[in-house]
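Remarks on the structure that follows.
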Amino acid sequence: IPSVSNIVPESCLLIVVGLLVGGLIKGVGQKPPMLNSDIFFLFLLPPIILDAGYFLPLRQFTENLGTILIFAVVGTLWNAFFLGGLMYAVCQLGGPGLNHISLLANLLFGSIISAVDPVAVLAVFEEIHINELLHILVFGESLLNDAVTVVLYHLFEEFANFEQVTIVDIILGFLSFFVVSLGGVFVGVIYGLIAAFTSRFTSHIRVIEPLFVFLYSYMAYLSAELFHLSGIMALIASGVVMRPYVEANISHKSHTTIKYFLKMWSSVSETLIFIFLGVSTVAGHHYWNWTFVISTLLFCLIARVLGVLVLTWFINKFRIVKLTPKDQFIIAYGGLRGAIAFSLCYLLDYKHFGMRDMFLTAIITVIFFTVFVQGMTIRPLVDLLAVKKKQDTKRSINEEIHTQFLDHLLTGIEDICGHYGHHHWKDKLNRFNKKYVKKCLIAGERSKEPQLIAFYHKMEMKQAIELVESGGIGKIPSAVSTVSIQNINPKTLPVKRILPALSKDKEEEIRKILRNNLQKTRQRLRSYNRHTLVADPYEEAWNQMLLRRQKARQLEQKMNNYLTVPAHKLDSPTMSRARIGSDPLAYEPKADSENLPVITIDLASPQSPESVDLINEEPKGCGGLPPSPEEDEEGLVMQAKEPSSPGTDDVFTPGTSDSPSNQRMMRCLSDPGPRPEPEEGEPFIPKGQ
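See the structure below:
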């Protein structure tokens, strides 16, 4: 039913299913099963956290790590103590039913209910497609606050057994936070490196490659939980560390298996958790106290809003990309509670915490409120506030090149400034990884492969797999190499190209176009020997003519360099032709003209521009006499040139006609523009009247 799933998140629907199933079981007269904490922490939670850690967007996570840690550590501590203190005050003022609840019990309750739940956040935020920054801030906080929750939970649980709590106990409790969080990360890193090293030797047994990823990750979680360290931090660390090395070693089929199995496993766990929450609500023993439950709900919301506002005001002093009021609202509103709080409360011992049923009732109320009310209204609020959504764009080589370029640039700027920011340390880590770690953990030539080439292969492989899955193997783009396709599906035969059918006329027309337009192939020349070549008698004379002409040009260029007054700019041949075409009568030659420039034309080849030669062109008004108006009207007289005697250097001899200005005039007169073609029998040069 799409209309329902668009409004109600999947987690809400699963809780409703759980409530219905629990009601049916109870209606039949059986006892519904409770969500056992051991089953939850050992079997249902690890797949969800491993999926989140293995596919964690590492770049966004590391760039916002400071902000995430402040929200996760300081924010959770603030929520726990603020809520615990206020609830203790409510218990003292609330009457006889609440007076017996101690400060430690309230602080323990505050530490359980204060942590944002990663399962609930994932379930809701995956559906609303919020932008990467907000998603990683809320989700990163929900992952990393586990260490704080574990420490506070075990601390207050132990303190409840003490007769008196000393300052030393409090200091040791504070130090245990670092042991729990950093110890969990250390355990995860060790198992991640072991998994990467093991995957180096699995090339001959590809079937069990995915098993090592799941096995070592689960071992990291169990080892951390065994020593009361943070299992969630261990899982995240192992997933983040092993992924780049494991993916370089394992086959593509193993990579696909890991991806889909993790997604399926986490989805099943998530479904079971929310259904069990619904069933446990019906099955559990509840003790409803209006004052306690309503106060818990109210103070949870107030503590979250105040914590986000104060911490964001502090964080924005150091952030380049500031968190806007809209972002702050989504972060505060996205603080959902879930099954982790329920399971932790269920683990409490009745001997020391007789009010466990009331705590469970309050926690279930808060979970239902955050998942149903906040989860259902966050999507319309995101649309109403016009919060930026996630852009589903595929990464490209171009983007990767520019990202790496900017990383190197910022690292260089930090080095010059002497400021050791996160770009500097990231560069140091990358160099160490490339120089030492990759050689140990990645098999074969892939260890020396540059990052850009590795990214290209990864993207190419992804594209090829998508093509194979979609059945588009016949339309593979050039970006996908044939080797990659053979690796995925070696038995697939290439699909033959189907050419469109052409009619005979169309085919003949295409052939004609090709014959007319394609360049003709050169004919192969006859092979020769330099000893059998016949000497050209005119070769030496031609060489000397070329040298003489070259010297004349150099001399003319030198003379032009000494001119101080720039020469009058002549019109280009195109402009001259346009002028002649627009007014041909002005350029008509006239008879009985003396003392005019005479242009001779070689009749042998009238079309050739080189045949036009200026013999005698004197500017009007030379010798100090101004030009008369009659001379201006007469124009130019054109005469035929006598053919020269053979042997004279009439082509290469430099004369007055070799200057650039004269050559321009030659071109103008040899191509006078759009004139009518001379008819047969007419002379080329029209005679003047």
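Numbering-wise (full-length UniProt numbering), the sequence shown opens with residue 1 and increments by one. Using N, Cα and C, we set each Cβ at its ideal position, and we do this for glycine too.
Buried versus exposed call for residue i [16 or more other C-beta atoms within 10 Å across all chains shown]
i: Y436; result: exposed
i: A541; result: exposed
i: R59; result: exposed
i: G421; result: exposed
i: H423; result: buried
i: Y221; result: buried
i: H255; result: buried
i: G412; result: exposed
i: R304; result: buried
i: R337; result: buried
i: residue 691; result: Residue 691 is absent from the structure shown; the chain starts at 1 and stops at 689.
i: Y260; result: exposed
i: G188; result: buried
i: T403; result: exposed
i: L44; result: buried
i: P450; result: exposed
i: S199; result: buried
Member of the options whose CA lies at the smallest distance from the CA of residue i
i: F159; options: L103, G412 and N36; result: L103
i: L262; options: A283, G284 and L211; result: L211
i: Y216; options: P33, A237, S203 and R553; result: A237
i: G95; options: F292, V4 and C300; result: F292
i: Y346; options: Q463, G184, I315 and Y153; result: Y153
i: L309; options: L385, I70, F405 and L108; result: I70
i: V279; options: Q30, V121 and D505; result: Q30
i: G84; options: I465, V366 and F299; result: F299
i: L77; options: T149, I330, I208 and F61; result: T149
i: L226; options: R206, M264, V180 and G581; result: V180
i: R379; options: S470, E127 and S111; result: E127
i: V373; options: I1, S3, D169 and I7; result: I7
i: H286; options: D407, A362 and N316; result: A362
i: E466; options: K253, F162 and Y245; result: K253
Same chain, Cβ closer than 7 angstroms to residue i, neighbours up to 5 away in sequence not counted
i: F455; result: E400
i: G97; result: N289
i: D38; result: none
i: Q328; result: V308, L309 and T312
i: A479; result: Per-residue confidence for A479 stands at a pLDDT of 46, beneath the threshold of 50, marking its modelled position as unreliable; the derived number appears in the next sentence. Cβ within range, chain order: E460 and Q463.
i: V16; result: G278
i: P2; result: none
i: F82; result: A303
Backbone CA spacing between residue i and residue j [nearest angstrom]
i: M242; j: A195; result: 6 angstroms
i: T281; j: L19; result: 7 angstroms
i: R515; j: T574; result: 33 angstroms
i: R356; j: E157; result: 13 angstroms
i: I113; j: I250; result: 41 angstroms
i: residue 690; j: L24; result: The displayed coordinates of the chain run from 1 to 689. Any statement about residue 690 would go beyond what the structure contains.
i: T296; j: I364; result: 11 angstroms
i: R553; j: Y538; result: 23 angstroms
i: M376; j: A80; result: 26 angstroms
i: G183; j: F405; result: 35 angstroms
i: A123; j: D427; result: 35 angstroms
i: L272; j: K434; result: 42 angstroms
i: K620; j: S576; result: Confidence at K620 is low in this model, with a pLDDT of 45, below 50, so the placement of that residue should be treated as unreliable; the coordinate-derived value is given next. So the two alpha carbons sit approximately 20 angstroms from each other.
i: P118; j: T324; result: 23 angstroms
i: N131; j: V138; result: 11 angstroms
i: L409; j: L172; result: 44 angstroms
i: R395; j: G140; result: 23 angstroms
i: Q550; j: N561; result: 17 angstroms
i: C12; j: V121; result: 12 angstroms
i: L143; j: T166; result: 31 angstroms
i: P73; j: D146; result: The sequence shown places Val at residue 73, not Pro. Cα to Cα, the separation comes out at about 9 angstroms.
i: I48; j: V4; result: 25 angstroms
i: K390; j: V382; result: 12 angstroms
i: V268; j: L93; result: 44 angstroms
i: F177; j: E10; result: 35 angstroms
Cut-off 8 angstroms between Cβ atoms - residues of its own chain near residue i, not counting five sequence neighbours on either side
i: F318; result: G66
i: F353; result: A105, L108, A160 and F359
i: V321; result: L133
i: I136; result: P57, Q60, F61, N64 and I68
Sequence-distant residues of its chain with Cβ nearer than 6 angstroms to residue i (five each side left out)
i: F197; result: L441
i: L385; result: K326
i: V185; result: M233 and A237
Cβ-heavy atom distance, residue i to the ligand FAD, below 8 angstroms
i: E539; result: With respect to the ligand FAD, the structure offers nothing, as it holds no ligand at all.
Within the segment 38-126, ranges of the alpha helix (DSSP H) (whole runs, at least 4 residues):
45-54, 58-63, 65-69, 76-93 and 103-114
Alpha helix (DSSP H) runs wholly inside the segment 320-349, at least 4 long, in chain order:
325-333 and 339-346
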